[in-house]
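Down below is the structure, laid out as structure tokens.
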Amino acid sequence: MMTPPPPPRTPIVVHVALAIGAFAAALLILDGRRGWLLGSSGERGDVERAAAAPTARGAAVYVWGGGGYHGGK
Amino acid sequence: MAEGQGAASRLFREPGKVESIQCPRCGGAITLKTYGASERVACPFCGSLLGPDESGALALVQAASRKRQATTLALHRRGVLDGITWEVIGICVRSVVVDGERYPWEEFFLYNPYRGFRWLVHSLSDHHWTFGQTLDAAPLQDGGSLRCHGRDFAHFQGGQATVDYVEGEFTWQVEVGDVAGTDDYVAPPLAISLEFTKGPDGQEVNRTIQRHIDAREVWRAFEPRGPKFAPVGVGMVEPNPWRPRPWFLVAWVALIIAAAIGFALQAGSKGLLEVEVPGEAASMPVVQPLHLDGPTTVEVEIRVPGLSNQWAYYEGMLVDTASEEAIGFDLEVSYYSGIDGGESWSEGADHAAVVLADVPAGDYLLQIKYGSGAELGWDLRVTRGVFLVRYGLLFALAVLFGFILPLVLGALFEHRRWLNSDHA
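Chains as they are written, first to last, in the working numbering: chain A, 60 to 132; chain B, 8 to 431.
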């Protein structure tokens, strides 16, 4: 029986895509509920307690103290 | 090195030292390689067909006078394939005619004193090459396919092959104009070719098994002097580079199962808070305590039920009560609709949401206050552990391009292969 030639080399893109797939699956499992890598963490900054103000539940109100843009039109 | 040692290590006789036999027709020198096995010799100069005589000379079988045809590999060219040195001892150009179009190919009859004979076949239509030998077993016919050595060979093409040109030595009687029925069966990278000829004892069947051989391998081995044509399209038994390997399928199935488990884990989102703010208190801030167990996503959704052709803007903060550091966000809810030119249209929705990612564990105070726009009653809903769809989309894209696309490309490759068959 004639010996078949060696199988052709798998295109490199197949290996790359498999690696990306493994990364995506790992990301989904490990970070899907946390969103560290793909989520938006919002603006982070300090706040200050404001003077007492009326609220729906009557609690104190914080005032944005800085650390980036926050709100406004 | 001693003369005797050098001679003993050679596989072939040097052409110059061989006693030449002259063509009885044109007088051209003919160097025989396999005289004992030769049934037919075609003079490379005039094309006359010669047969072995009992006297040891060559007898003229059929006189001819024609110009030598240029072939991709020259007669007596030597090359190493699979680590074995082969010499071209015969060249045969054959063709089939399909739908009025001629499809020629070159068959190079190779010889090695210790290994016997092989075929190197070059399709002049698409310049793909195969390397073959006589099949040592009779394949089982199973409907339209053959079964041989544990492989199934599917019928690819058949026809009536005509010999157009011969040159050199052959182990059977061949001459220009010979016609044989052919059928090719493929199990890439292998093929079995059956040839049917009418002999004195009835129909004869010759079986050869071939394998695909890369054109560059042939060029490296035989270093042809003429132009080197690159293969066109997909060869009859060209290996499919996109054919999924077992490891490829196992790896992707494992990844998809893992991702499915990941999706199942994402289903554990939990509602933390629902507040209805009446219209009369719409402008008052809502402040609510929250406790988060671990780094997680937090979705804040605002719904304004009565919103119509209006917008409303809200500012929010999620304040860590221990550090008094906050995550700020804003939300705009807008909904517009109408009828334009008899067509109803709408834009936006009466609700909007923002997902805050990577919120650490701790005690928080959520504060949301009305900013501007329509001052209507609104509903607030807060959920933690919300799955971000983009993670699923990323994996879906990876599956699409990494798993499905290679399968599609593999199928297209096979489709292009079979376009050249009788079953297209």
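A virtual CB, placed ideally from N, CA and C, is assigned to each residue, including glycine.
Computed from a predicted structure; not experimentally measured.
Could you tell me which of the options sits nearest to residue i, measuring between CA atoms?
i	options	result
residue 487 of chain B	B:152, B:413, B:297 and B:317	Examination of residue 487 of chain B is not possible in this model, given that chain B is present from 8 through 431 alone.
residue 101 of chain B	B:231, B:132 and B:250	B:132
residue 105 of chain A	A:83, A:121 and A:88	A:121
residue 197 of chain B	B:180, B:228, B:162 and B:184	B:162
residue 73 of chain A	B:248, B:276, B:175 and B:173	B:248
residue 95 of chain B	B:138, B:109 and B:56	B:138
residue 28 of chain B	B:176, B:208 and B:156	B:176
residue 398 of chain B	B:127, B:201, B:377 and B:269	B:269
residue 219 of chain B	B:53, B:189, B:231 and B:238	B:238
residue 272 of chain B	B:429, B:426, B:46 and B:393	B:393
residue 187 of chain B	B:107, B:213, B:290 and B:195	B:213
residue 369 of chain B	B:325, B:103, B:380 and B:228	B:325
residue 300 of chain B	A:96, A:70, A:92 and A:84	A:92
Name the DSSP beta bridge partners of residue i, please?
i	result
residue 299 of chain B	B:369
residue 341 of chain B	B:318
residue 425 of chain B	Note: residue 425 of chain B sits in no beta bridge, so no partner.
residue 385 of chain B	B:284
residue 30 of chain B	In DSSP, residue 30 of chain B forms no bridge with anything.
residue 183 of chain B	DSSP output for residue 183 of chain B lists no bridge partner at all.
residue 111 of chain B	B:102
residue 379 of chain B	B:320
residue 390 of chain B	B:278 and B:306
residue 262 of chain B	None; residue 262 of chain B has no bridge partner.
residue 174 of chain B	B:98
Let's see if you can read the secondary structure: which residues bound the alpha helix (DSSP H) around residue i?
i	result
residue 156 of chain B	Note, residue 156 of chain B: premise wrong, no alpha helix (DSSP H); not H, not E.
residue 83 of chain A	71 to 90
residue 440 of chain B	No information on residue 440 of chain B is available, as it lies outside the stretch 8 to 431 that chain B covers here.
Return yes when the C-beta of residue i is under 7 Å from any heavy atom of the ligand FMN, and no when it is not.
i	result
residue 248 of chain B	Among the ligands in the structure shown, none appear at all, so the ligand FMN cannot be discussed.
Mind checking if residue i is an interface residue toward chain C, Cβ cutoff 8 Å exclusive?
i	result
residue 243 of chain B	In the displayed structure, chain C is absent; the protein chains listed are A and B.
State the start and end residues of the unbroken beta strand (DSSP E) segment that holds residue i.
i	result
residue 284 of chain B	277 to 284
residue 121 of chain B	Premise fails: residue 121 of chain B is in no beta strand (DSSP E) and is neither H nor E.
residue 76 of chain B	No beta strand (DSSP E) holds residue 76 of chain B; DSSP gives it neither H nor E.
residue 95 of chain B	91 to 105
residue 56 of chain B	56 to 59
residue 355 of chain B	350 to 355
residue 122 of chain A	121 to 123
residue 136 of chain B	136 to 141
residue 104 of chain A	102 to 108
residue 409 of chain B	Segment: none, residue 409 of chain B is in no beta strand (DSSP E) and carries neither H nor E.
residue 47 of chain B	47 to 49
residue 87 of chain B	85 to 88
message = By the 9 Å beta-carbon criterion, what residues does the region 350 to 375 of chain B contribute toward chain A?
response = 361, 362, 363, 364, 365, 366, 372 and 374
request  = Please list the residues of the region 80 to 93 of chain A that have a C-beta atom closer than 9 Å to any C-beta atom in chain B, keeping them in chain order.
outcome  = 80, 81, 82, 83, 84, 85, 86, 87, 88, 89, 90, 91, 92 and 93
task = At 4 residues or longer, and completely inside the region 200 to 231 of chain B: list those alpha helix (DSSP H) runs for me, N to C.
result = 222 to 229
query = When Cβ atoms are compared, which residues of the region 84 to 103 of chain B fall closer than 8 Å to chain A?
reply = 89
ask   = Just by C-beta distance, which residues in the region 289 to 308 of chain B are closer than 9 Å to chain A?
value = 291, 292, 293, 294, 295, 296, 301, 302, 303 and 304
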